[in-house]
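> Protein sequence lines correspond, in order, to chains A and B.
Residue numbers for the first sequence follow the working numbering, so the first one is 431 and each next one is one higher.
Residue numbers for the second sequence follow the working numbering, so the first one is 431 and each next one is one higher.
2 protein chains.
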Amino acid sequence: MLQFFPGSCKLGEMTTSHRPYHHGNLREALLRAAEAALVNGGVQSISLRELSRELGVSHTSPRRHFAGKQALLDALAIRGFERFDQALSRAAKDSGRDFQNRLTKLTRAYVSFALKYPALLGLMFEAKHRPDAPRELLEASEKAFGHAPAAFTAGQADGEVVAGDPGRLSLVIFAAMQGLIALSTKGKVKGIPVDTLVGEIIERIILGLRPRS
Amino acid sequence: MLQFFPGSCKLGEMTTSHRPYHHGNLREALLRAAEAALVNGGVQSISLRELSRELGVSHTSPRRHFAGKQALLDALAIRGFERFDQALSRAAKDSGRDFQNRLTKLTRAYVSFALKYPALLGLMFEAKHRPDAPRELLEASEKAFGHAPAAFTAGQADGEVVAGDPGRLSLVIFAAMQGLIALSTKGKVKGIPVDTLVGEIIERIILGLRPRS
DNA sequence: ACCTGAACACCGTTCAAGT
DNA sequence: ACCTGAACACCGTTCAAGT
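Right, here's the structure in full:
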């Protein structure tokens with residue numbers, strides 16, 4: 431499954447041979463192929479040799495772009511966190527200032543991401559929890575996970591949420607969603623669509639977060 | 431690291447050779463060695479050949495006890511669910527009838543298990559979510575996850591919990607805990623001990639579960 | 001029954017060599 | 001710079017053979 435990458439051949443770098451010496455953008459191609467393998471057969475199915483074969487390149491070529499297999503997996507995770515951050519940014523932007531609405535939008539974006547890229551999300555968490563996770567990965571993760579606390583800060587300003595550290599309060603909702611996703615298989619838990627459960631859980635938790643009148 | 435297993439040599443099965451032909455209880459030994467490897471280096475580090483080497487047995491011997499590597503991992507997961515179920519059973523038994531207390535005990539047992547056997551819990555979930563997971567594994571999982579719904583049923587009878595399907599309501603708390611564990615590394619989230627967070631989250635969620643007066 | 005050794009088709013990683 | 005082929009030390013799985 432060969433693919434074209436827009437702008438992968440820089441000006442003046444065209445080669446005349448039928449099988450070009452340079453792949454053009456091997457790094458990008460490897461990441462795409464690796465994600466495809468991840469989706470199809472899980473992390474276990476990602477093999478540098480197999481990826482190289484698919485891309486018509488020697489099995490040692492990936493070494494030019496990634497220090498090893500783990501480095502490729504980390505790069506995949508970083509891209510995942512960036513994509514995750516974009517999805518949450520959009521959700522936060524599209525929602526109004528109303529706390530419950532904003533939290534619901536944010537949460538649905540989270541769950542939607544998890545259902546769209548389950549294997550990738552698993553890889554992301556695994557990578558993040560590795561003791562020698564690279565700094566860039568941790569930064570990307572922290573950026574993405576900063577959206578919920580921001581919503582809680584706004585909610586407190588509007589008197590919709592009890593006082594307390596926003597990061598700590600938002601943990602409740604994020605943890606619940608993360609767990610719901612972990613417990614679910616293919617968008618359902620015990621036959622109930624996750625989307626339905628999301629609404630229920632948010633309502634329950636928000637009731638617990640409201641200031642006591 | 432050789433170990434003795436009580437009762438591993440059945441009566442009359444003793445062999446006189448220095449290096450016995452029969453291992454005695456290879457299945458059990460493999461499972462123990464596999465769990466040790468899991469704890470030390472993760473699922474990736476479990477190798478049938480390496481385990482065989484450790485146990486002084488040929489690398490094809492595991493085949494007599496497990497259909498393949500996946501079967502060994504599944505067996506490990508089933509044992510994990512059984513151990514998990516025992517821990518939750520004990521917690522439910524030791525707690526009184528008070529809903530919040532019982533739920534807290536149950537939840538702490540869950541979190542405690544997760545912190546004690548993080549790699550095993552990961553393996554358990556992974557195994558459970560595999561499309562071709564064996565029936566025995568799913569049964570063990572369902573048994574362990576039945577304790578929380580039971581607590582909710584009791585809570586409803588005492589007027590402590592809103593009406594609704596217990597399994598569905600308990601999902602909130604189980605999901606939150608599962609997620610908290612997933613987000614945490616080594617018992618802490620952002621430097622805050624998970625044990626502290628458990629109490630906070632349970633309180634918040636229980637407020638949301640109380641019937642509106 | 002239970003275990004073995006050789007064989008097969010894979011891995012990731014290293015390294016001297018090529019353009 | 002970027003890529004290659006051979007080599008090394010591993011895998012899981014299969015299979016005919018041994019006791």
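Beta carbons are placed, not taken as given, at the ideal position from N, Cα and C, and that holds for glycine.
Write down every uninterrupted run of the alpha helix (DSSP H) in the region 526 to 598 of chain A whose length is 4 residues or greater and which is fully enclosed by it, in chain order.
529 to 546, 548 to 559, 565 to 574 and 577 to 587
> Can you tell me whether DSSP reads residue 623 of chain B as helix, strand or coil?
Numbered from 1 along the second sequence, position 193 holds the residue referred to as residue 623 of chain B. Correct three-state label for residue 623 of chain B: strand.
> Would you say residue 451 of chain A faces chain B, with C-beta separation under 7 Å as the test?
Counted from its first residue, the first sequence places residue 451 of chain A at position 21. Here residue 451 of chain A scores only 48 on pLDDT, less than 50, and its place in the model should not be relied on; the value that follows carries that caveat. It does not; no Cβ of chain B falls within 7 Å.
> Out of A/592, A/586 and A/605, state which residue places its alpha-carbon closest to the alpha-carbon of residue 555 of chain A.
Here residue 555 of chain A corresponds to residue number 125 of the first sequence, with the count starting at 1. Ranking A/592, A/586 and A/605 by Cα distance to residue 555 of chain A puts A/605 first.
> If you measure from the beta carbon of residue 613 of chain A to each beta carbon in chain B, is any gap under 7 Å?
The sequence position of residue 613 of chain A within the first sequence is 183, counting from 1. By this cut-off, residue 613 of chain A is an interface position.
> CB residue 537 of chain A to CB residue 607 of chain A, shorter than 7 Å?
Taking the first sequence and counting its residues from 1, one reaches residue 537 of chain A at position 107. Taking the first sequence and counting its residues from 1, one reaches residue 607 of chain A at position 177. Contact flag set, yes.
> Can you round the beta-carbon distance between residue 597 of chain A and residue 620 of chain B to whole angstroms, since I take them to be within the 8 Å contact cut?
For the purposes of this step, residue 597 of chain A is taken as the residue at position 167 of the first sequence. For the purposes of this step, residue 620 of chain B is taken as the residue at position 190 of the second sequence. That belief holds up - the Cβ atoms of residue 597 of chain A and residue 620 of chain B are roughly 6 Å apart, short of 8 Å.
> Measuring CB to CB, does residue 575 of chain B end up less than 7 Å from residue 599 of chain B?
For the purposes of this step, residue 575 of chain B is identified with residue 145 of the second sequence, where counting begins at 1. For the purposes of this step, residue 599 of chain B is identified with residue 169 of the second sequence, where counting begins at 1. Not a contact, by the Cβ cut-off of 7 Å.
> Report the rounded CA-to-CA distance for residue 481 of chain B versus residue 496 of chain B, giving the unit in angstroms.
The residue you call residue 481 of chain B lines up with position 51 of the second sequence. The residue you call residue 496 of chain B lines up with position 66 of the second sequence. Roughly 13 Å between the two C-alpha positions.
> By the DSSP assignment, the alpha helix (DSSP H) with residue 516 of chain B in it spans what residues?
On the second sequence, position 86 is the one that residue 516 of chain B refers to. Per DSSP, residue 516 of chain B belongs to the alpha helix (DSSP H) from 499 to 524.
> Kindly say whether residue 581 of chain A, judged by its beta-carbon, lies nearer than 7 Å to any beta-carbon of chain B.
Your numbering for residue 581 of chain A matches position 151 in the first sequence. Taking Cβ atoms only, chain B never reaches closer than 7 Å to residue 581 of chain A, which makes this a no.
> Are there 16 or more other CB atoms within 10 angstroms of the CB of residue 451 of chain B, so buried, or fewer, so exposed?
On the second sequence, position 21 is the one that residue 451 of chain B refers to. Because residue 451 of chain B carries a pLDDT of 47, less than 50, the predicted location of this residue cannot be relied on, and the following value inherits that uncertainty. By the beta-carbon neighbour count (other beta carbons within 10 angstroms, threshold 16), residue 451 of chain B is exposed.
> Does the region 505 to 521 of chain A come into contact with the region 562 to 570 of chain A, if we say contact requires no fewer than three beta-carbon pairs (one atom in each stretch) closer than 8 Å?
Short answer: they touch.
> Following the continuous alpha helix (DSSP H) through residue 469 of chain B, name the residue where it begins and the one where it ends.
For the purposes of this step, residue 469 of chain B is taken as the residue at position 39 of the second sequence. Going by DSSP, residue 469 of chain B is part of the alpha helix (DSSP H) stretching over 456 to 471.
> Return the chain-ordered list of same chain residues with a C-beta closer than 8 Å to the C-beta of residue 635 of chain A, the five sequence neighbours on each side being excluded.
Here residue 635 of chain A refers to the residue found at position 205 when the first sequence is read from its first residue. Same-chain partners within the cutoff: 602, 603 and 606.
> Listing by chain order, which chain A residues have their CB less than 7 Å from the CB of residue 619 of chain B?
Along the second sequence, read from residue 1 onward, the residue named residue 619 of chain B stands at position 189. Under the 7 Å cutoff, chain A gives 601.
> Can you confirm whether residue 605 of chain B, when its beta carbon is compared against all beta carbons of chain A, has any partner nearer than 7 Å?
If you number the second sequence from 1, residue 605 of chain B lands on position 175. Yes, because at least one Cβ of chain A sits closer than 7 Å to the Cβ of residue 605 of chain B.
> Does the beta carbon of residue 508 of chain B sit closer than 7 Å to a beta carbon anywhere in chain A?
Position 78 of the second sequence, counting from 1, holds the residue named residue 508 of chain B. For residue 508 of chain B, the answer is no, since every Cβ of chain A falls outside 7 Å of its Cβ.
> Using beta-carbon positions only, say whether residue 518 of chain B and residue 544 of chain B come within less than 7 Å of one another.
The count along the second sequence starts at 1 and reaches residue 518 of chain B at position 88. The count along the second sequence starts at 1 and reaches residue 544 of chain B at position 114. Not closer than 7 Å, so no.
> Buried or exposed for residue 614 of chain A, please, with buried defined as at least 16 other CB atoms from any protein chain shown within 10 angstroms of its CB.
Residue numbering aside, residue 614 of chain A sits at position 184 when the first sequence is read from its first letter. When all chains shown are included, residue 614 of chain A counts as buried.
> Within 7 Å (strictly less), CB to CB, does residue 634 of chain B reach chain A?
In the second sequence, counting from the first residue as 1, residue 634 of chain B sits at position 204. Judged by the 7 Å Cβ criterion, residue 634 of chain B is in contact with chain A.
> For residue 552 of chain B, I'd like the list of residues in its chain whose CB is within less than 7 Å of its CB, leaving aside the five on either flank, ordered along the chain.
Counting from one through the second sequence, the residue named residue 552 of chain B turns up at place 122. For residue 552 of chain B, where only same-chain residues beyond five positions count, there are no Cβ hits under 7 Å.
> List the residues of chain B that residue 622 of chain A touches, going by C-beta distances under 8 Å, in chain order.
The residue you call residue 622 of chain A lines up with position 192 of the first sequence. Neighbours of residue 622 of chain A on chain B, chain order: 598.
> What are the start and end residues of the alpha helix (DSSP H) that includes residue 481 of chain B?
For the purposes of this step, residue 481 of chain B is taken as residue 51 along the second sequence, with counting starting at 1. It spans 478 to 484 - the alpha helix (DSSP H) in which residue 481 of chain B sits, taken as one unbroken run.
> For residue 532 of chain B, is the classification buried or exposed, using 16 other Cβ atoms within 10 angstroms of its Cβ as the cut-off for buried?
Within the second sequence, numbered from 1, the residue matching residue 532 of chain B stands at position 102. Under this definition residue 532 of chain B is a buried residue.
> Interface residues of chain A around residue 555 of chain B at Cβ under 8 Å?
Stepping through the second sequence from its first residue, residue 555 of chain B is reached at position 125. Listed along chain A, the residues sitting closer than 8 Å to residue 555 of chain B by beta-carbon distance are 612.
> Are residue 487 of chain A and residue 628 of chain A closer than 7 Å when you measure CB to CB?
As a first step, residue 487 of chain A is located in the first sequence; it is residue number 57 there, counting from the start. As a first step, residue 628 of chain A is located in the first sequence; it is residue number 198 there, counting from the start. Their beta carbons are not under 7 Å apart, which means residue 487 of chain A does not touch residue 628 of chain A by this criterion.
> Tell me whether the beta-carbon of residue 485 of chain A lies closer than 7 Å to the beta-carbon of residue 464 of chain A.
Counting from 1 along the first sequence, the entry for residue 485 of chain A is found at position 55. Counting from 1 along the first sequence, the entry for residue 464 of chain A is found at position 34. No; because the gap between Cβ atoms is not below 7 Å, this pair is not in contact.
> For a contact defined as C-beta to C-beta under 8 Å, what are the partners of residue 631 of chain B on chain A?
Taking the second sequence and counting its residues from 1, the one referred to as residue 631 of chain B is at position 201. Ordered by position in chain A, the residues that pass the 8 Å Cβ test against residue 631 of chain B are 601, 602 and 605.
> Alpha carbon to alpha carbon, what distance is there between residue 455 of chain B and residue 547 of chain A?
On the first sequence, position 117 is the one that residue 547 of chain A refers to. On the second sequence, position 25 is the one that residue 455 of chain B refers to. When rounded, the distance between both Cα atoms is 42 Å.
> At least one CB of chain B closer than 7 Å to the CB of residue 637 of chain A: is that the case?
As a first step, residue 637 of chain A is located in the first sequence; it is residue number 207 there, counting from the start. Yes, residue 637 of chain A lies at the interface with chain B (some Cβ there is under 7 Å from its Cβ).
> Who are the Cβ neighbours of residue 632 of chain B in its own chain at under 8 Å, not counting the five residues just before and after it?
Your numbering for residue 632 of chain B matches position 202 in the second sequence. 530, 533, 534, 537 and 603, listed in sequence order.
> Which residue wins for smallest C-alpha separation from residue 515 of chain B, given the options B/473, B/477, B/562 and B/578?
To locate residue 515 of chain B, count along the second sequence from 1; it is residue 85. For the residues B/473, B/477, B/562 and B/578, the minimum Cα distance to residue 515 of chain B belongs to B/578.
> So residue 454 of chain B contacts chain A; which residues on that side make the cut at Cβ distance below 7 Å?
Residue numbering aside, residue 454 of chain B sits at position 24 when the second sequence is read from its first letter. Correct list: empty, because the minimum Cβ distance to chain A is about 32 Å.
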